[in-house]
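**Student:** Residues in the sequence shown are numbered consecutively from 48, following our numbering. Quick reminder that beta carbons are idealized off the backbone N, C-alpha and C, glycines included. Encoded as structure tokens, here's the structure I'll be asking about.
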Amino acid sequence: MLPPELLGETIVQSHTVAEWPLSRTEKVVLADGRSFAYKTTSPPVMEPEFYAAAGATRLLPAHHRVGNALLVDWIDSPSLADLPLSENELLTHAARVVQQIGELEPGLPVYLDVGTSAKWAAEAASTLVKLRQLTADGRFPASPGVDDIESWILSAPVLGTVEAHSRLVHRDLKPAHVFPAGDGYRVIDWQFPAIAPAGVDLVGFLDEAGIDAFHHVDPVTYGIAYFLHLRWAVVAQHDLFPGAPVPFLRDWAAGGLRGVRRAAEAVV
């Protein structure tokens, strides 16, 4: 619980609004009517470091760091997920937000950097070693065709896209994380920012909105986005939760593999 003295005002209400193994978010309401999101995190979540380094920027809500936690102004307005938007409207918003993320200052702390062909190749190799280990010990189901996927992941089109289009990405961009404001947008939940091709944010946003991103980005970018989805599931199961299988991570890995295969089949 947040110490009241840090806010200089009496806390009149506090309740958990989101919780998972690596983070917990409470909504805190003060006697003077102000509200905050108080977020505590565990490594490898990067959010407190990212907010602290980003400072005052229009794309992030007002915030300050409290030790290893984060205190963020509560956004009391609808997100893009709450608004009755058409597919074309969502596409327009997504393109604008992705562009603005790319305009944040360079050098911010990130969870993952696969922004060069060498970094991408090293991360791909490490991920597939861990995937094969998880398959061998039964924590993930057998994944036939991994060798074929590896060949595509390290192919010239993929490496060329990584080299040409990488910059800061959110890595978990969803309509529920984006709030329209009078002067642009506010984007929350920067837990795992990365250096990667810009289009991966568009893929994640559209798929979360129920729009098939395959029809709106090139197949290579689509496959890169799904490989990063696969990578997170593999690394989380292998490194963060090694003791027992986590069913939703198994499902995420299967979805990531399907996405990579779809992309590989479309790129001759």
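Can you name the start and end residues of the beta strand (DSSP E) that Gly231 belongs to?
**Tutor:** Taken as a continuous stretch (DSSP letters only), the beta strand (DSSP E) holding Gly231 covers 231-234.
**Student:** Assign Trp67 to buried or exposed, taking buried as 16 or more other Cβ atoms, counted over all protein chains shown, within 10 Å of its Cβ.
**Tutor:** Exposed is the call here.
**Student:** At what residues does the beta strand (DSSP E) containing Arg105 begin and finish?
**Tutor:** Per DSSP, Arg105 belongs to no beta strand (DSSP E) and is neither H nor E.
**Student:** Would you report the Cα separation of Thr57 and Arg81, rounded to the nearest angstrom?
**Tutor:** Each residue's Cα considered, the two are about 11 Å apart.
**Student:** CB Pro95 to CB Leu287, shorter than 9 Å?
**Tutor:** No. Outside cutoff.
**Student:** Is the separation between the beta-carbon of His140 and that of Pro227 shorter than 9 Å?
**Tutor:** For His140 and Pro227, yes; Cβs fall inside 9 Å.
**Student:** Using CA atoms only, rank isn't needed, just tell me which of Lys177, Ala171, Val225 is closest to Ala272.
**Tutor:** Out of Lys177, Ala171, Val225, Ala171 has the C-alpha closest to the C-alpha of Ala272.
**Student:** Suppose you measure from the CA of Ala116 to the CA of Thr87; what does that come to, to the nearest Å?
**Tutor:** Rounded to the nearest angstrom, the two C-alpha atoms are 5 Å apart.
**Student:** Hey, how far is the Cα of Asp120 from the Cα of Asp236?
**Tutor:** For Asp120 and Asp236, the distance between alpha carbons rounds to 13 Å.
**Student:** Check for me: the alpha helix (DSSP H) holding Ala221 runs from which residue to which?
**Tutor:** According to the sequence as given, residue 221 is Lys; it is not Ala. Careful: Lys221 lies outside any alpha helix (DSSP H) and carries neither H nor E.
**Student:** Return the CA-CA distance between His285 and Pro294, expressed in angstroms with no decimal places.
**Tutor:** The alpha-carbon atoms of His285 and Pro294 are separated by roughly 13 Å.
**Student:** What is the DSSP secondary structure of Ser198, counted as helix, strand or coil?
**Tutor:** In this structure, Ser198 counts as helix in the three-state DSSP scheme.
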